[in-house]
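Residue numbers (the numbering used here): 3 to 71.
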């Protein structure tokens, strides 16, 4: 079993910036909730567009090689 890594073992620099605890940007929890939902919505839309793009490329490739017309 691997030894437990503590935060002090993480090298400084980008990793320290990436893993540091974020402060709350506003005391209004409703705004934070709305921003969080907006960000999640954007990620979902981006995921749907990415999946549709993969399907489109796959179908175009299969049509190119004559698998179906």
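No residue lacks a Cβ here, since even glycine has one placed at the ideal position from N, Cα and C.
Check: C-alpha gap between residue 31 and residue 38, whole angstroms; Outcome: 10 Å
Check: Distance between residue 40 and residue 64 (C-alpha atoms, nearest Å); Outcome: 36 Å
Check: For residue 67, the three-state DSSP class (helix, strand or coil); Outcome: coil
Check: As assigned by DSSP and simplified to three states, the class of residue 49; Outcome: helix
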